[in-house]
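**Q** Structure below; questions to follow.
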């Protein structure tokens, strides 16, 4: 039997198994997870070496390293001499099933997805701050679906351990006593909220944290209210606090994993559980640069995706309202953001782009408020 025939037989068997799974389960996602997930349990032999944060290549973004985090919409200026730093923890870009944690291959779709996050998420902070974003051994997207109990905690702890080490290096070698913002999305927020809870809340570092933009994960009211000195932001110039929302379209059929009510700070009014804010309050959505690659069954080889300029801000793009913990917005099934609907009007991928200018301006507002309070009474927040 030649090699081509063997491949064809294997493909037929795989498709037959997938068809059977769909017939018996009626769940396409179950089939995709079954087909793509890692075939092994926890095995350090598959892991990349721990990043050395003393090396430039271990950082996806540094002020000294020109890149995607420097992008800004046309006519929008970056801060020339920022007095505040941003520690940005990027979300999941590793959609491959070779292992439960990213191998940190610089020539991969995963790395290109990280660049997408810098261009379309982290860049909103370059109007106020110097941006630091570590590369870390993030967990594979399959961890959120397959979740074998013996692997989940270890994979998550490995990723979080990298974030902790990167933050420690950032504090000692880069920040050096300066005020900072913690910013994140999705898996990044899972790690960033844990970082705030375990390393910042109730410590002297809390006085240096201007704000935490911890967006797009299951941060519920109970866990947020359990923090000792860090609170949920109550207004646009509040500091020493955290912001969270998870975006859904009106009439969404999808639902967050958590059964509890999520923290929702309306990014148009900046009020917790904010009521309807009309689209006239929107400072602008920003069309994305580049392309995020949802390739969950292919290989992880780089595709050569390019990142050009960000689009011009789209002012008054959408209204927004916190409804039972979910940030509900106008339908986005048409227009520049439609491809970021992950299903059932779950607008997870739009958490940043729909409110890019609101985030950009609010970060500047909170930085100015923190610096003013510091100069007035020397106490910070």
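In the working numbering, the protein residues as written are 3 to 383. Glycine included, every Cβ here is placed at the ideal spot set by N, Cα and C. These numbers were taken from a predicted model, which means no experiment stands behind them.
According to DSSP, simplified to helix, strand and coil, what is residue 90?
**A** Assigned with DSSP and collapsed to three states, residue 90 falls in strand.
**Q** Quick one: using the 10 Å Cβ neighbour count with 16 as the cut-off for buried, is residue 117 buried or exposed?
**A** Buried, because 16 or more other Cβ atoms sit within 10 Å of the Cβ of residue 117.
**Q** Kindly indicate which three-state DSSP category residue 74 falls into: helix, strand or coil?
**A** coil
**Q** Please classify residue 186 as buried or exposed, where buried requires at least 16 neighbouring CB atoms within 10 angstroms.
**A** buried
**Q** Among all the DSSP beta bridges, which residues are the ones paired with residue 133?
**A** 88, per the DSSP bridge assignment.
**Q** Taking just the CA atoms, how far does residue 285 sit from residue 316?
**A** 8 Å
**Q** For residue 115, which three-state DSSP category applies?
**A** helix
**Q** Under the three-state reduction of DSSP, which class applies to residue 372: helix, strand or coil?
**A** helix
**Q** Tell me residue 215's beta-bridge partners as DSSP assigns them.
**A** 185, 245
**Q** Is it buried or exposed for residue 296, if we count other Cβ within 10 angstroms and need 16 for buried?
**A** exposed
**Q** Could you name the residues of the same chain whose beta carbon sits closer than 6 Å to that of residue 14, not counting the 5 residues immediately before and after it, in chain order?
**A** Residue confidence for residue 14 is low, a pLDDT of 33 falling below 50, so the modelled location carries little weight and cannot support an answer.
**Q** Hey, which unbroken runs of the alpha helix (DSSP H) at 4 residues or more fall wholly within the segment 229 to 312?
**A** none
**Q** Per DSSP, which one or two residues make a beta bridge with residue 60?
**A** Paired residue(s): none; residue 60 is not in a bridge.
**Q** Let me know the secondary structure DSSP gives residue 366 once reduced to three states.
**A** helix
**Q** Helix, strand or coil: which one does DSSP assign to residue 28?
**A** Because residue 28 carries a pLDDT of 41, less than 50, the predicted location of this residue cannot be relied on, and the following value inherits that uncertainty. Coil at residue 28, not helix or strand.
**Q** Exposed or buried, which one is residue 2 when buried takes at least 16 other CB atoms within 10 Å?
**A** With the chain represented from 3 up to 383, any question about residue 2 goes unanswered, as that position is not in the structure.
**Q** Nearest to residue 188 by alpha carbon, out of 375, 373, 363, 348?
**A** Taking each of 375, 373, 363, 348 in turn and checking the Cα distance to residue 188, the smallest one comes out for 348.
**Q** If you follow the alpha helix (DSSP H) that residue 170 is in, where does it begin and where does it stop?
**A** 151 to 171
**Q** Identify the continuous beta strand (DSSP E) that holds residue 325 and give its terminal residues.
**A** 322 to 325
**Q** Is it buried or exposed, residue 174, if we count other Cβ atoms within 10 angstroms and call 16 or more buried?
**A** exposed
**Q** Could you tell me if residue 46 is buried or exposed, where buried requires 16 or more neighbouring beta carbons within 10 angstroms of its beta carbon?
**A** exposed
**Q** Taking the alpha-carbon positions, what's the residue 277 to residue 325 distance?
**A** 8 Å
**Q** Is the CB-CB distance between residue 302 and residue 141 below 8 Å?
**A** no
**Q** Starting from residue 348, follow the alpha helix (DSSP H) in both directions and report where the run begins and ends.
**A** From DSSP, residue 348 is part of no alpha helix (DSSP H); its letter is neither H nor E.
**Q** Residue 106: buried (16+ other C-beta within 10 angstroms of its C-beta) or exposed?
**A** buried
**Q** Measuring alpha carbon to alpha carbon, tell me which of 318, 51, 58 ends up nearest residue 160.
**A** 51
**Q** In the DSSP assignment, the beta strand (DSSP E) including residue 342 goes from what residue to what residue?
**A** Careful: residue 342 lies outside any beta strand (DSSP E) and carries neither H nor E.
**Q** Count the other C-beta atoms from every protein chain shown that fall within 10 angstroms of the C-beta of residue 39, then say buried if there are 16 or more, exposed otherwise.
**A** buried
**Q** Here's the rule: buried if 16 or more other CB atoms are within 10 angstroms of the residue's CB, otherwise exposed. What is residue 151?
**A** Per the 10 Å Cβ criterion, exposed.
**Q** Helix, strand or coil: how does DSSP classify residue 54 here?
**A** Residue 54 falls in the coil class under three-state DSSP.
**Q** Tell me, to the nearest whole angstrom, how far the beta carbon of residue 122 is from that of residue 291; I am working on the premise that it is less than 8 Å.
**A** 6 Å
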